[in-house]
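In what follows, a structure is listed as structure tokens, so that the remarks can point back to it.
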Amino acid sequence: MTELLRVEHLVKHFPLHRGMFGRDTAVVHAVDGVSFELRSGETMALVGESGCGKSTVGRLVLRLLDATSGKVWFGGEDLMSLPPQAMRAKRRELQMIFQDPYSSLNPRMTVEQTLVEPLGLHGLARGRHRERAAELMDLVGLAPEYLQRYPHEFSGGQRQRIGIARALAVEPRLIVCDEPVSALDVSIQAQIVNLLQDLQRRLGLAYIFIAHDLAVVKHIASHVAVMYLGHIVEYADKRSLFASPRHPYTQALLSAIPIPEPRQRRERILLQGDVPNPIDPPSGCRFRTRCPYARERCAQEVPALRPLGGHATACHFWEEIAPPAGVAAEGRAVNERLARLQDAFRTRGVPPPQPSPGRGGTREADEVEKV
Ligand SMILES: Nc1ncnc2c1ncn2[C@@H]1O[C@H](COP(=O)(O)OP(=O)(O)O)[C@@H](O)[C@H]1O
Ligand code: SF4
Ligand SMILES: [Mg+2]
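Residue numbering for the sequence shown is 188 to 558, as defined by this note's numbering.
The structure is reproduced here in structure tokens:
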């Protein structure tokens with residue numbers, strides 16, 4: 188597989204106009220030196236608490252936001268130096284899907300209009316828009332008969348399928364999935380994760396999958412980058428990250444996954460305090476105000492993201508910190524639960540979920556029963 192995306196030292200500082208005469212008096216350090224690579228057909232998960240900069244990274248990669256500094260290479264091309272018109276054309280290859288498809292779908296447009304609009308914008312499938320819209324419905328497991336319906340006539344999971352179909356309309360190579368299952372019931376989450384994986388296999392797509400739920404990430408990711416206050420604090424392939432989490436923050440995130448097996452026990456790591464204000468992040472290691480292992484050096488020196496055998500960690504003392512009991516085992520239990528759910532969906536055959544007309548949106552439970 189060839190490298191598709193390379194992100195180098197990406198920085199985004201949002202200036203705040205708070206002083207007299209509208210001068211910038213402070214900046215939000217949303218993203219501070221983020222680097223990673225992604226190959227075609229792979230998924231990189233970006234994980235961390237709310238406000239740590241995940242969505243900003245996604246929007247910077249698509250150049251929906253201008254970076255303060257850093258580079259984004261896509262297919263060997265420097266996206267930052269593309270003129271606006273060339274970038275608009277390039278965006279066909281880089282799409283985004285969102286947590287709440289309802290807010291990203293126009294409530295006054297039918298599904299067909301929603302799917303045909305990007306085809307028109309990019310001059311695709313000329314003379315066969317209707318057929319292409321039907322193909323896209325089929326691709327995401329929805330019946331083409333529902334092309335004339337409006338978003339409110341579908342359940343949350345079905346609306347997410349429409350959001351995915353719209354992103355696929357322009358035949359992208361990379362999709363930034365910004366918390367695409369966070370608002371959905373857990374069984375519907377499994378269906379959408381399944382669908383995304385199936386589409387990846389069929390179309391060779393690459394994903395940046397943004398989430399705070401490590402259970403979902405474990406299933407879909409090839410690699411995982413854990414973010415804290417604008418920095419990547421740990422980066423590894425999925426297996427390595429779940430089997431031996433090295434950064435205290437990753438260990439805490441993993442320990443927060445509930446265990447479905449009552450016989451298993453895991454030590455829950457409770458982080459002290461709130462995430463610090465990104466306007467004035469702590470000196471040295473940004474995690475030090477909540478880290479149970481912090482010491483003097485942590486306040487003075489920013490820990491570099493040091494790679495060791497393909498597993499990179501930004502902590503001065505990670506070699507001394509053993510993962511707490513049960514952290515790695517938990518990840519496996521949660522994954523088994525997801526795997527069981529997905530097997531159940533696969534073995535029952537998958538007729539497309541049916542919208543219920545006149546009910547102002549179906550309940551998620553209806554969708555589970557039918558699929
Ligand atoms: N347009 C903006 N102006 C000012 N601050 C912003 C803007 N967008 C995001 N931020 C801030 O940047 C930080 C990272 O935000 P975001 O990328 O949305 O985090 P996440 O997706 O991880 O929840 C947060 O502190 C957020 O308040
Ligand atoms: S560098 Fe220090 S504060 Fe930061 S994670 Fe490591 S031990 Fe904790
Ligand atoms: Mg976000």
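The beta carbon of each residue, even a glycine, is placed where N, CA and C say it ideally should be.
Quick one: measure Cβ to Cβ for residue 246 and residue 288, integer angstroms, because I've assumed they're closer than 8 Å.
About 17 Å separates the two Cβ atoms, so there is no contact after all.
Any chance the CB of residue 298 is under 6 Å from a heavy atom of ligand 1?
Result no, Cβ not under 6 Å from ligand 1.
Alpha carbon to alpha carbon, what distance is there between residue 296 and residue 395?
Near 28 Å, if we compare the C-alpha coordinates of residue 296 and residue 395.
Could you check whether the segment 307-327 touches the segment 341-361, counting it as contact only if at least three pairs of C-beta atoms, one from each stretch, sit closer than 8 Å?
As far as the Cβ criterion goes, the segment 307-327 touches the segment 341-361, which means the pair count is three or higher.
Can you list, in chain order, the residues of its chain whose CB lies under 7 Å from that of residue 475, leaving out five sequence neighbours each side?
Counting only Cβ-Cβ distances below 7 Å, and skipping sequence neighbours, we find 469, 481, 485, 486.
Can you tell me where the alpha helix (DSSP H) holding residue 436 begins and where it ends?
Per DSSP, residue 436 belongs to the alpha helix (DSSP H) from 435-442.
What are the boundary residues of the alpha helix (DSSP H) that includes residue 345?
Here the alpha helix (DSSP H) through residue 345 covers 343-355.
Who are the near neighbours of residue 365 in its chain, counting only those whose CB is closer than 8 Å to its CB and skipping five residues on each side?
Within the same chain, residue 365 has close Cβ partners 241, 242, 245, 283, 284, 285, 286, 397.
Can you tell me whether residue 291 sits near ligand 3, meaning its C-beta is under 6 Å from at least one heavy atom of the ligand?
No, the beta carbon of residue 291 sits no closer than 6 Å to any heavy atom of ligand 3.
Pick from 500, 386, 490: whose alpha carbon is nearest that of residue 438?
For the residues 500, 386, 490, the minimum Cα distance to residue 438 belongs to 500.
Hey, is the segment 429-436 in contact with the segment 219-227, meaning 3+ C-beta pairs nearer than 8 Å?
Touching, no, given that fewer than three Cβ pairs across the two stretches are closer than 8 Å.
Could you tell me if the beta carbon of residue 470 falls within a distance shorter than 6 Å of some heavy atom in ligand 3?
No; taking the cut-off as 6 Å, the Cβ of residue 470 has no heavy atom of ligand 3 nearer than that.
In this structure, how does DSSP classify residue 368 when only helix, strand and coil are distinguished?
DSSP places residue 368 in coil when its eight states are reduced to three.
Rounded to the nearest angstrom, what separates residue 212 and residue 370 at their Cα positions?
Distance between the alpha carbons of residue 212 and residue 370 is about 36 Å.
Which first and last residues belong to the alpha helix (DSSP H) in which residue 385 is found?
Its alpha helix (DSSP H) spans residues 373-390.
Would the segment 228-241 count as touching the segment 397-415 if we require 3 or more Cβ pairs under 8 Å?
Result yes; three or more Cβ-Cβ pairs closer than 8 Å.
Could you pull the start and end residues of the beta strand (DSSP E) that residue 410 belongs to?
Segment 410-415, the beta strand (DSSP E) holding residue 410.
For residue 257, name the three-state secondary structure that DSSP assigns.
Looking at residue 257 - three-state DSSP - the assignment turns out to be strand.
Note down, in chain order, each residue of its chain lying with its Cβ closer than 6 Å to the Cβ of residue 358, except the 5 sequence neighbours on either side.
Cβ neighbours of residue 358 beyond the five flanking positions: none.
Grab the span of the alpha helix (DSSP H) containing residue 308 for me, first residue to last.
Where residue 308 is concerned, the enclosing alpha helix (DSSP H) stretches over 298-308.
Identify, in the order they occur along the chain, each residue of the same chain with its Cβ nearer than 8 Å to the Cβ of residue 508, setting aside the five sequence neighbours on each side.
Closer than 8 Å at Cβ, skipping near neighbours: 433, 435, 438, 480, 502.
Rounded to whole angstroms, what is the Cα-Cα separation between residue 238 and residue 463?
The alpha-carbon atoms of residue 238 and residue 463 are separated by roughly 10 Å.
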